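Working notes for the structure below.
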Amino acid sequence: MSDIFVIVEHRLGEIRDITFEMLWKAGELAGKLSHTVTAVLLGHEVSSIAEDLSDRADQLIIYDDERLKNFNADLYKEIIAELIEEAKPPLILIGSTSWGMELAPCLSIKTGLPLATDCIDIMSEHGRFMAQRQMYNGKIFANVSFAETPGCLITIRSGVFPKDKIGDRQAQKVQKDFPLADIKPGKAFVEFVETAAGDVDITQAELLISVGRGIGEEENIALIKELAEALNGVVSCSRPIVDKNWLPKYLQVGTSGKSVSPKVYIAIGISGAFQHMAGTSGAGTIIAVNKDPKAPIFRTAHYGIVDDLFKIVPVLKDKIREAKKG
Amino acid sequence: MDIVVCVKRVPLTEEVDLVIDAQKKGVKKDQLAFVLNDWDNYAVEEAILLKEKHSGTVTAITVGNEDDEEVLRRCLAMGADRAIRVEAGDMSKFDSFGIVKILSQVVKDLPHDLVFTGVLADDDSYGMVGMMMAEELNLNHSSMVTAIQLEDGKVRTTSELEGGLGEVSVVDLPALITIQTGINEPRYVSILGIRKAAKKELKVMDLAELGISDEELAPRAIIEEVYLPPETEGAQMLTGDPDKIAGDFVEILTKKGVME
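Going down the list, the sequences are from chains A and B. Letter 131 of the first sequence, counting from 1, is numbered 132 in the working numbering, and no numbers are missing. Letter 104 of the second sequence, counting from 1, is numbered 281 in the working numbering, and no numbers are missing.
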């Protein structure tokens with residue numbers, strides 16, 4: 002019997018959802034393959050976190066040390082590499098998050114184990130794992146297999162698996178000592194900084210009119226503002242608009258921006274990259290306008306319009322004004 | 178301050194129908210237009226901004242064929258001092274790990290206080306080359322960086338976390354940093370600028386010259402098959418002329434209770 006390892010991600014005393022999602026997938030695979038699930042928790046004063054994981058894994062390995070108070074990829078890498086060397090797990094799951102994207106590639110080189118990132122599913126065939134992932138912004142899917150090595154590393158995209166418990170588990174806790182006597186990491190944590198708040202809070206809006214790269218030029222944003230005004234809704238946007246400084250960061254919907262939950266979300270010129278769609282999962286109805294019929298947004302939107310936004314939006318604006326008058 | 182930036186030429190795939198190749202290992206690329214990977218564009222700009230402020234050199238590197246030189250010429254036109262292309266033959270046989278081996282071998286022999294890569298490339302979106310190189314070259318690192326400030330022998334970075342949170346760190350030099358989009362406003366490059374930059378050095382190296390054997394480049398993660406996304410129910414499409422579409426649109430908004 003072997004262990005599937007899940008590296009626990011937590012921040013400011015709270016377990017990140019991705020941890021529960023990885024534990025769900027690990028539990029599902031473990032059930033099929035008669036494996037067990039081991040959660041690996043690095044941190045400082047983590048007893049309440051450990052408690053919340055106690056029925057999600059068969060084993061919980063804990064490194065509790067002041068030097069692990071903040072995430073540090075160098076320390077995580079050294080400790081986890083040593084643990085992998087000792088336990089030889091066939092599969093190690095890490096979140097495809099900002100922190101996981103720093104840790105996993107380092108760990109892959111350090112351990113010599115292959116890595117597939119940002120995976121949306123894991124299959125098991127003849128005792129080998131295979132990962133499913135997306136390329137070209139979700140327009141193509143790929144199945145990735147691994148070279149013959151004692152194990153493999155897979156990072157998991159947030160939000161693709163349930164956060165639920167799976168199976169009946171009671172974690173045996175194993176406390177381990179911080180194994181690195183005199184390591185001095187080359188990177189030191191300073192502080193967390195929040196995005197500056199603005200005059201509107203898009204997380205509270207009932208109707209969002211969201212604009213993406215398809216708007217083309219900065220001056221065209223005015224068209225979206227006019228539509229929002231006619232509808233008495235709030236303007237939001239996808240990442241490229243913030244990157245170009247056309248709208249402020251506090252209006253950005255998505256993984257690195259805000260998660261929103263309006264009754265209606267109107268997406269204009271947004272292709273629907275998963276990082277954006279992750280922020281819209283709370284929306285009641287999504288209506289998308291995009292020129293590209295293959296844009297991934299049409300896979301999740303409830304209503305779609307394949308057309309030039311510059312043809313649709315002005316007519317729509319007039320219709321709305323007319324309807325509101327009448 | 179010597180800065181090395183690793184860049185990649187990628188196809189534009191928005192508003193394009195992608196066709197899977199006969200081997201089902203990738204997409205047909207002969208009809209696609211190519212550009213400098215968006216993240217790398219920001220990385221090159223950031224390197225040049227630092228050079229303008231603190232002096233030093235900027236070297237752009239890519240692994241690829243002759244066509245890929247077009248993105249290096251763009252980097253030179255933006256202000257990079259020199260460029261290196263590693264000719265590696267058929268690129269489809271490499272995974273990220275192989276690319277990391279090649280890039281590391283080149284960077285190792287160049288002066289480097291900082292090495293930049295984009296967070297990820299727009300084509301395969303693995304997002305692993307940067308941090309793998311950091312480990313391979315034993316460099317300190319910071320990832321998904323949206324702000325950089327040089328301090329005495331150190332660099333202060335802000336990494337983008339989820340939900341609008343940033344993490345500020347101080348990293349000892351030399352360091353590898355993966356650059357996130359939006360960190361700066363990449364400068365405009367004119368055709369004339371590219372022509373002028375033709376005088377700058379663009380060196381071509383091959384794998385033999387770098388002393389890398391085929392075994393070292395054997396892929397660890399192997400694409401078994403690529404395919405079009407499985408069918409989903411998808412959106413209900415509103416069709417017709419703009420007037421008909423707008424009418425249906427208003428009806429939906431009314432039904433959902435947001436037309437008050």
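We put the CB at the ideal spot given by N, CA and C, even for glycine. If you're wondering where the values come from, they're calculated on a predicted model, not measured in any experiment.
Comparing C-alpha positions only, which one of B:214, B:179 and B:181 sits nearest to residue 189 of chain B?
With distances taken between Cα atoms, residue 189 of chain B lies closest to B:214.
Find the residues of chain A that neighbour residue 429 of chain B, judging by a C-beta separation of less than 9 Å, and give them in chain order.
265, 286, 288, 303 and 304
Just to confirm, are residue 116 of chain A and residue 398 of chain B a CB contact at a threshold of 8 Å?
yes
Given a threshold of 16 other Cβ atoms within 10 Å of its Cβ, counted over all protein chains shown, does residue 315 of chain B qualify as buried or as exposed?
exposed
Does the Cβ-Cβ distance between residue 123 of chain A and residue 209 of chain A come in under 8 Å?
no
Give me whichever residues DSSP pairs with residue 37 of chain A in a beta bridge.
A:4
In chain A, what lies closer than 9 Å to residue 317 of chain B by C-beta?
75, 186, 187 and 188
Any idea what DSSP makes of residue 142 of chain A, helix, strand or coil?
strand
Under 8 Å, with one C-beta from each stretch per pair, do the stretch 289 to 304 of chain B and the stretch 159 to 169 of chain A reach the 3-pair mark?
Counting Cβ pairs under 8 Å, fewer than three are found: no touch.
If the cut is a Cβ gap below 8 Å, which residues of chain A does residue 433 of chain B touch?
264, 265, 285 and 286
Taking residue 218 of chain B as the reference, give the member of B:282, B:361 and B:326 with the closest Cα.
B:361
Rounded C-beta distance between residue 252 of chain A and residue 199 of chain A? I'm assuming under 8 Å.
7 Å
With distances taken between CB atoms, is the gap from residue 322 of chain B to residue 238 of chain B smaller than 8 Å?
no
Would a check of beta-carbon distances place residue 401 of chain B closer than 8 Å to chain A?
yes
Straight-line CA distance for residue 244 of chain A to residue 42 of chain A?
35 Å
With burial defined as no fewer than 16 other Cβ atoms inside 10 Å of the residue's Cβ, what is the status of residue 180 of chain A: buried or exposed?
exposed
Alpha helix (DSSP H) containing residue 361 of chain B: first to last residue?
Per DSSP, residue 361 of chain B belongs to no alpha helix (DSSP H) and is neither H nor E.
Where do the N-terminal and C-terminal ends of the alpha helix (DSSP H) with residue 249 of chain B fall, by residue?
246 to 255
Look up residue 238 of chain A in the DSSP assignment and give the residues it is bridged to.
A:212 and A:253
The alpha helix (DSSP H) that contains residue 51 of chain A, what's its start and end?
Start and end: 48 to 54.
Mind checking residue 305 of chain B: buried by the 16 CB within 10 Å criterion, or exposed?
buried
Could you please give the first and the last residue of the uninterrupted alpha helix (DSSP H) stretch that includes residue 204 of chain B?
Segment: none, residue 204 of chain B is in no alpha helix (DSSP H) and carries neither H nor E.
Alpha helix (DSSP H) containing residue 91 of chain A: first to last residue?
Note, residue 91 of chain A: premise wrong, no alpha helix (DSSP H); not H, not E.
Quick one: list the residues of chain A neighbouring residue 321 of chain B, beta-carbon separation under 8 Å, in chain order.
99, 102 and 103
Following the continuous beta strand (DSSP E) through residue 259 of chain B, name the residue where it begins and the one where it ends.
Counting along the chain, the beta strand (DSSP E) containing residue 259 of chain B begins and ends at 259 to 264.
Name the residue from A:267, A:233 and A:258 whose alpha carbon lies nearest to the alpha carbon of residue 211 of chain A.
A:267
Is there contact between the stretch 181 to 199 of chain A and the stretch 63 to 75 of chain A, where contact requires at least three CB pairs shorter than 8 Å?
yes
Report yes or no: do the stretch 128 to 139 of chain A and the stretch 376 to 384 of chain B share at least 3 C-beta pairs separated by less than 8 Å?
no
Is there a C-beta anywhere in chain B that falls below 8 Å from the one on residue 254 of chain A?
no
Compare the C-alpha of residue 224 of chain A against each of A:269, A:111 and A:306 and name the closest.
Out of A:269, A:111 and A:306, A:269 has the C-alpha closest to the C-alpha of residue 224 of chain A.
Per DSSP, which one or two residues make a beta bridge with residue 116 of chain A?
A:154
To the nearest angstrom, how far is it from the Cα of residue 59 of chain A to the Cα of residue 53 of chain A?
13 Å
Looking at residue 109 of chain A: is its Cβ nearer than 8 Å to the Cβ of residue 129 of chain A?
no
Hey, residue 240 of chain B and residue 197 of chain B are a contact pair by Cβ (cut 8 Å); roughly how many whole angstroms apart?
Actually they are not in contact, since the Cβ atoms of residue 240 of chain B and residue 197 of chain B sit about 24 Å apart, beyond 8 Å.
Just to make sure I have the definition right: I need the residues of chain A whose C-beta is within less than 9 Å of the C-beta of residue 268 of chain B. Which are they?
Close partners of residue 268 of chain B in chain A (Cβ separation under 9 Å) are lacking, with about 15 Å as the shortest Cβ gap.
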